[in-house]
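> Questions regarding the structure given below will be posed in turn.
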Amino acid sequence: MKKRLSLLFSLMLVLSVFLAACGGFNKKESAGEKTGGEKKADVSQELRVNINTEPFSLHPGLANDSTSGTVLRQTFEGLTVIKDGKPKLAAAESYDVSDDLTTYTFKLRDAKWTNGDPVTAQDFEYAWKWALDPKNQSQYAYQLYYIKNGQAFNEGKAKAEDVGVKALDDKTLQVTLENPTPYFLELTAFYTYYPVNSKIAQKNPDWYKNAGPDYTSNGPFKMTTWEHNNKIVLEKNENYWDAKNVKLTKISMSMVNDPNTELSMFNNGELDWAGSPTGTLPTDALPQLKQEGKLHVQPIAGTYWLKFNTEKAPFNNVNIRKALAYAIDRKAIVENVTKGEQVPAMAAVPPTMFPENKEGYFKDNDVEKAKEYLKKGLEELGLKDVKQLPPITYSFNTSEAHAKIAQAIQDMWKKNLGIEVKLENAEWNVYIDKLHSGDYQVGRMGWLGDFNDPINFLELFRDKKGGNNDTNWENPKYKQLLIDSQKEKDPEKRKQMLKDAEAILMDELPVAPIYFYTQTWVQKDNLKGVELSGLGDVQFKWAYFE
Amino acid sequence: MLRYISRRLLSILLSLFLIITATFFLMRAAPGGPFSGEKKLPPEIEKNLNEYYGLDRPWYEQYTDYLVSIAKWDFGPSFKYKGQTVNDLINEGFPVSFFLGMEALLLAVSLGILLGVIAALNHNKWQDYGAMIFAVLGISVPSFIMASLLQYVLAIKLGLFPVARWESLQHTVLPALALAATPMAFIARLTRSSMLEVLSNDYIRTAKAKGLSKGQITVKHAIRNALLPVVTYLGPLSAAVLTGSFVIEKIFGIPGLGSQFVLSISNRDYTTIMGVTVFYSILLLFSVLLVDIAYGLIDPRIKLAGGKKGE
Numbered sequence: 001m002k003k004r005l006s007l008l009f010s011l012m013l014v015l016s017v018f019l020a021a022c023g024g025f026n027k028k029e030s031a032g033e034k035t036g037g038e039k040k041a042d043v044s045q046e047l048r049v050n051i052n053t054e055p056f057s058l059h060p061g062l063a064n065d066s067t068s069g070t071v072l073r074q075t076f077e078g079l080t081v082i083k084d085g086k087p088k089l090a091a092a093e094s095y096d097v098s099d100d101l102t103t104y105t106f107k108l109r110d111a112k113w114t115n116g117d118p119v120t121a122q123d124f125e126y127a128w129k130w131a132l133d134p135k136n137q138s139q140y141a142y143q144l145y146y147i148k149n150g151q152a153f154n155e156g157k158a159k160a161e162d163v164g165v166k167a168l169d170d171k172t173l174q175v176t177l178e179n180p181t182p183y184f185l186e187l188t189a190f191y192t193y194y195p196v197n198s199k200i201a202q203k204n205p206d207w208y209k210n211a212g213p214d215y216t217s218n219g220p221f222k223m224t225t226w227e228h229n230n231k232i233v234l235e236k237n238e239n240y241w242d243a244k245n246v247k248l249t250k251i252s253m254s255m256v257n258d259p260n261t262e263l264s265m266f267n268n269g270e271l272d273w274a275g276s277p278t279g280t281l282p283t284d285a286l287p288q289l290k291q292e293g294k295l296h297v298q299p300i301a302g303t304y305w306l307k308f309n310t311e312k313a314p315f316n317n318v319n320i321r322k323a324l325a326y327a328i329d330r331k332a333i334v335e336n337v338t339k340g341e342q343v344p345a346m347a348a349v350p351p352t353m354f355p356e357n358k359e360g361y362f363k364d365n366d367v368e369k370a371k372e373y374l375k376k377g378l379e380e381l382g383l384k385d386v387k388q389l390p391p392i393t394y395s396f397n398t399s400e401a402h403a404k405i406a407q408a409i410q411d412m413w414k415k416n417l418g419i420e421v422k423l424e425n426a427e428w429n430v431y432i433d434k435l436h437s438g439d440y441q442v443g444r445m446g447w448l449g450d451f452n453d454p455i456n457f458l459e460l461f462r463d464k465k466g467g468n469n470d471t472n473w474e475n476p477k478y479k480q481l482l483i484d485s486q487k488e489k490d491p492e493k494r495k496q497m498l499k500d501a502e503a504i505l506m507d508e509l510p511v512a513p514i515y516f517y518t519q520t521w522v523q524k525d526n527l528k529g530v531e532l533s534g535l536g537d538v539q540f541k542w543a544y545f546e
Numbered sequence: 001m002l003r004y005i006s007r008r009l010l011s012i013l014l015s016l017f018l019i020i021t022a023t024f025f026l027m028r029a030a031p032g033g034p035f036s037g038e039k040k041l042p043p044e045i046e047k048n049l050n051e052y053y054g055l056d057r058p059w060y061e062q063y064t065d066y067l068v069s070i071a072k073w074d075f076g077p078s079f080k081y082k083g084q085t086v087n088d089l090i091n092e093g094f095p096v097s098f099f100l101g102m103e104a105l106l107l108a109v110s111l112g113i114l115l116g117v118i119a120a121l122n123h124n125k126w127q128d129y130g131a132m133i134f135a136v137l138g139i140s141v142p143s144f145i146m147a148s149l150l151q152y153v154l155a156i157k158l159g160l161f162p163v164a165r166w167e168s169l170q171h172t173v174l175p176a177l178a179l180a181a182t183p184m185a186f187i188a189r190l191t192r193s194s195m196l197e198v199l200s201n202d203y204i205r206t207a208k209a210k211g212l213s214k215g216q217i218t219v220k221h222a223i224r225n226a227l228l229p230v231v232t233y234l235g236p237l238s239a240a241v242l243t244g245s246f247v248i249e250k251i252f253g254i255p256g257l258g259s260q261f262v263l264s265i266s267n268r269d270y271t272t273i274m275g276v277t278v279f280y281s282i283l284l285l286f287s288v289l290l291v292d293i294a295y296g297l298i299d300p301r302i303k304l305a306g307g308k309k310g311e
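As you go down the protein sequences, you meet chains D and Y in turn. Using the UniProt record's numbering, read the first sequence as starting at 1 and increasing by one per residue. Using the UniProt record's numbering, read the second sequence as starting at 1 and increasing by one per residue.
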């Protein structure tokens, strides 16, 4: 009897704990749940999006991923901002640039931090030096290596005073660059170049870890809530200099990392936007959404390509590489496998940067040429038959999407060239390790631009030992063209140099491009003014509900 | 009893040590590191990071340092989320997983036992078949399908609950149901079979002969003995359910510890992997101990101090 009573008692205890927890739970949130457009006159200006995961860090100097970028782009503002694909002045009111393109002098406009402090040139100087300071462990410090002595300071070979950024007075910022950098105004729109409120940061080094009075920013929105791994809430920043043009009053960002759930939430009216660039749509749902006319598609600056390890036979032979690259039917892959209206790629630099690259340097699915190159390649290698080729392994990181593409290409190579290929997949970290250490033959990789300039894609293959080359390919002419382009002041001439370099790359083919990325999403029909850049970035500053 | 518990505690400590050691070395043996990404970092920056986190030091130093800090319950900073410590992640994630698990556990146990008892009392009648079809479905349908199904039917079609996220009590219903389905079905089957066994025992016949009502027999004599296997199952179950399920947390966008644990492995977030593993191991080891103690309470025939009689 006594034992049963104690059992009953403990059960009740558990139950009461449970109920108590429920009680505390209910109170927290009930407002702001319902958002629907009842009347045209006062449509709620609250936007709900999904950002997939917890951001790495919301300190502009520490952020190094697209999720953090998505949040920071709404809450902070750099000297420039990208609008309609071009850098426009933002925190800066005007700028001068020296004749040799290495010194920029920015005049800041009168702007305030969310707490009312003025935004000063010192805030920029402080932020950039902070990110470059090796003791702050910024992984994206290299984004600031364009600044004079930036790299040296970051590597401990120079002092902070030597870094080429200086506040001449409260409103004047002078930046000296290592080399003429034709795309510097694109860079100043990037989040590593955002300012940080130096008054607060010096007082409270942990200011960026949570939302609160010390989390100050200078952009169109301010962060009011940050529940780690759950959600972020931004509200309109009334102290923003251009606040009159900001119509959204609130942005809720949830962190749901499941594409199917994201789409269901959108269908159920719990989100106003599902898919890129903040979230992800399930690939399987794309054809259906397209059919219903709901799907939005936009090309972005990204290339999906196969890397060849040019030091391993038979990929040391350029003709074999060409044969393999030419024998891929990209159109079929894009239409039947990836289904996101990607653009077949016969070039390295995406059309968002070089519009003429929609055509590319060679013909898609050119089986005739491929066979010729294969024959030539086999002769050069002293082989009589395809069968004598060393065994070929195609590697990719484990994912259904990559597996399908790999199978399609395996099939094409077999059918068009008679080459047998083995497929091999590995978990992402294992895969990337193999690729970076050259322990592969053919491997897939995607590359997305950080800023809107072709150099982003071309410089990968400049140095054999450059961290992201992986192909072990190097070409002196190619290298020289890229180095010279950096010093060229005439944009047209510079572009030609880069095009010449790309032509070399596409003739030697250490990589076989497959397709250019697109981003796909669905959105509420009455949501307008969302600014999407060709890089796959989003700004909600000008967004509103009709 | 005290001697028994202290002996068990000692063995828990030993198991913990073995788990920590094995995880530590397996983790380091896996290729890739916390800073390897699509865009490779400049070597200087990577070196600087490795120095800062002590990853450049010899393994035995890292290992002993790690043991010392675990003893102090300090799991270190997370590699993946700058500015958060692993202790923060556990402190924020575990209550969520625990709450959801509790809800699921209550659902699973109460409904499971109810179904099982109904099935056993109506052996080979339609109630029995109905309950068992339900149970077979619950066991065989994987939780991610159950979750999508619940989302589709109850949220999108009927509009009763939100699809996902962790905001109010309403938001917790679907994930709790999805999480509870399999254990509930399992408990229903367990209860049914052990009830059937108990009901055929002599003492039940005696009770009947004494003229006790069916309800009295069931509640006072049958269920209590029939629950023993359920309690056995409850230990590992509660450890599994309370620590959070990766699949359910991912599908419903729940900020729990279960998804953190799995993600930390693919991120090579060394400190988080270790911290959460240690935390989970402790939970699991203690829940097993608690179950063993609970045996003694429910069934006096089981002696915890075991071995004495034989001596």
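C-beta atoms are modelled at their ideal positions from N, C-alpha and C, and glycine is treated no differently. Source: prediction; values computed, not measured.
(1) Could you tell me the distance, in whole angstroms, from the CA atom of A22(Y) to the CA atom of N197(D)?
(2) Counting only the same chain and skipping the five closest in sequence on each side, list residues whose C-beta sits under 6 Å from that of S217(D).
(3) I want to verify the contact list: residues of chain D whose CB lies under 8 Å from the CB of L49(Y), in sequence order.
(4) For chain D, find out if any of its Cβ atoms is closer than 9 Å to the Cβ of I251(Y); answer yes or no.
(5) Identify, in the order they occur along the chain, each residue of the same chain with its Cβ nearer than 8 Å to the Cβ of I204(Y), setting aside the five sequence neighbours on each side.
(6) Kindly indicate the opening and closing residues of the alpha helix (DSSP H) around F24(Y).
(7) How about S533(D) and G85(D): do their beta carbons lie closer than 9 Å?
(8) Going by beta-carbon coordinates alone, are L281(D) and V442(D) separated by less than 9 Å?
(9) Please identify, using Cβ separations under 7 Å, the residues of the region 150 to 164 of chain Y that lie next to chain D, in order along the chain.
(10) Kindly indicate if chain D contains any beta-carbon less than 9 Å away from that of F279(Y).
(11) If you drop the 5 nearest sequence neighbours on each side, which residues of the same chain put their C-beta closer than 7 Å to that of L121(Y)?
(12) Have a look at K157(Y), P300(Y), L289(Y) and flag the residue whose alpha-carbon is nearest the alpha-carbon of R7(Y).
(13) Where DSSP assigns a beta bridge to T85(Y), which residues make up the other side?
(14) Using beta-carbon positions only, say whether R330(D) and D364(D) come within less than 9 Å of one another.
(15) Taking the beta carbon of R192(Y) as the centre, do at least 16 other beta carbons fall within 10 Å, making it buried, or is it exposed?
(16) In chain Y, which residues lie less than 7 Å from L62(D) when you measure between Cβ atoms?
(17) Let me make sure I understand the geometry here. Which of Y142(D), S254(D), G293(D) has the alpha-carbon closest to that of D525(D)?
(18) Verify the CB distance criterion: does G307(Y) have a CB-CB separation below 9 Å to chain D?
(19) Using a Cβ distance threshold of 8 Å, determine whether the region 76 to 92 of chain Y contacts the region 266 to 278 of chain Y, with at least three qualifying pairs required.
(20) On the three-state DSSP scale, how would you describe V163(Y)?
(21) In chain Y, which residues lie less than 9 Å from H228(D) when you measure between Cβ atoms?
(22) For a test of the three-state rule: what should DSSP assign to W428(D), helix, strand or coil?
(23) Which same chain residues, not among the five before or five after Q139(D), have their C-beta less than 8 Å away from its C-beta?
(24) Below 8 Å, can you find three or more Cβ-Cβ pairs linking the region 251 to 263 of chain D to the region 273 to 288 of chain D?
(25) Check S395(D) in the structure and name its three-state DSSP category.
(26) Given a cut-off of 9 Å on the beta-carbon distance, is the pair residue 586(D) and N229(D) in contact?
(27) Between H59(D) and chain Y, is any beta-carbon pair separated by less than 9 Å?
(28) Along the region 41 to 73 of chain Y, where does the CB come closer than 8 Å to a CB of chain D? Name the residues.
(29) Report all residues from its chain with a CB closer than 7 Å to the CB of H171(Y); omit the five preceding and five following residues, and keep chain order.
(30) Which residues in chain Y sit within 9 Å of N154(D), going by Cβ to Cβ distance?
(31) Going by CA-CA distance only, name the one from P300(Y), S281(Y), Y295(Y), D292(Y) that's closest to I12(Y).
(32) Please report the distance separating the alpha-carbon of K159(D) from that of N456(D).
(33) Using a beta-carbon distance below 9 Å, is V256(D) in contact with chain Y?
(34) When you compare only the Cα positions, how much space is there between A408(D) and T393(D)?
(35) For chain D, check one thing: does any of its Cβ atoms lie closer than 9 Å to the Cβ of A176(Y)?
(36) Check the Cβ-Cβ distances between A108(Y) and every residue of chain D, and say whether any is below 9 Å.
From the atom records:
(1) Those two C-alpha atoms are separated by around 45 Å.
(2) T75, F76, T114
(3) Ordered by position in chain D, the residues that pass the 8 Å Cβ test against L49(Y) are Q137, Q139.
(4) yes
(5) V198, I217, H221, A222.
(6) 2 to 29
(7) yes
(8) no
(9) Of all residues in the region 150 to 164 of chain Y, Q151, A155, I156, P162, V163, A164 have a Cβ within less than 7 Å of some Cβ in chain D.
(10) no
(11) T218
(12) The alpha carbon of R7(Y) has as its nearest neighbour, out of K157(Y), P300(Y), L289(Y), the alpha carbon of L289(Y).
(13) P77(Y)
(14) yes
(15) buried
(16) K82
(17) G293(D)
(18) Low confidence applies to G307(Y): its pLDDT is 47, below 50, so where it sits in the model is not reliable, and the reading given next is rough at best. No, no contact with chain D.
(19) Touching, per the Cβ criterion.
(20) In the three-state reduction of the DSSP assignment, V163(Y) falls in the coil class.
(21) Y81, Q84, D88, L89, E92, G93, P255
(22) helix
(23) L62, N64.
(24) Output reads yes: the region 273 to 288 of chain D touches the region 251 to 263 of chain D.
(25) S395(D): strand per DSSP, three-state reduction.
(26) In the structure as shown, chain D starts at 1 and stops at 546, and residue 586(D) therefore has no counterpart that could be examined.
(27) yes
(28) Using a CB distance below 8 Å, the part of the region 41 to 73 of chain Y facing chain D consists of L41, P42, P43, E44, I45, N48, L49, Y52, ordered along the chain.
(29) P162, R165
(30) P42, E44, I45, N48
(31) S281(Y)
(32) 28 Å
(33) True, the Cβ-Cβ gap to chain Y drops below 9 Å.
(34) 14 Å
(35) Chain D contact via Cβ: absent.
(36) no
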